[in-house]
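In our numbering, the protein residues as written are 23 to 202.
For every residue, glycine included, the Cβ atom is placed at its ideal position computed from N, Cα and C.
Model, not experiment: these values are computed from the prediction.
Contents: one structure, followed by commentary.
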Amino acid sequence: ASNLQEISDKTARENKDCQKKLEKLEQKYQKTADKYEESKKKIAEIKSELEESAQVKTKLGEMQEQYEEANNRMEALGKQVEEKTELLEKHVSWKTRMEYQVNFLSERLRRAEKGLRPPGPPGPPGPPGPVIEVRKEETQEVDENEAYLRFLDTDTAQVIRDLEAKVKEAEESRGRQGTQ
């Protein structure tokens, strides 16, 4: 009977030890299960971040293409602006030349109408040219904007041709009067 008691006590102790080991194993299993769940969440987050990263890379590539296109367009527009600026400068230069020529021919015409001879060698001897009366026009108030708009509408080349023709006529009539 004592032998049976010893075996019973020994079995009870082994049973308690097994119970404690089982509890420890269950705790370890629970911890491992929790870690497994955390790992699954982290893996899901990493997959999500990878997908977002792939989308960001795709968008970055698209944005780089758009940047290249915009940069090329800007260069083309810069060249156009440069060409148009050069063209504008040429036109301004031509306009200035034409204005100078108009002023020069207007002055020659004015002098020819007054009977003044242009600078240069004197003409043939003879009676002086006709005296042309110069009427003084009443000075009217000039609308500068209107005058500028009329000036813009003026064909400068035609004005130059008209003035050259008037100068030639005045010089020819003076030459004919001088030879008579």
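Asked: Where does Val189 land, buried or exposed, given buried means 16+ other C-beta within 10 angstroms?; Found: buried
Asked: Measuring straight from C-alpha to C-alpha, what distance separates Ile29 and Ala66?; Found: 54 Å
Asked: At which residues does the alpha helix (DSSP H) containing Thr210 begin and terminate?; Found: There is simply no residue 210 to check, as the chain begins at 23 and stops at 202 in what is shown.
Asked: Count the other C-beta atoms from every protein chain shown that fall within 10 angstroms of the C-beta of Ala192, then say buried if there are 16 or more, exposed otherwise.; Found: buried
Asked: Mind checking Leu26: buried by the 16 CB within 10 Å criterion, or exposed?; Found: exposed
Asked: For Lys50 and Lys81, what's the separation of their Cα atoms in angstroms?; Found: 46 Å
Asked: Helix, strand or coil, according to DSSP, for Asp177 in the structure here?; Found: coil
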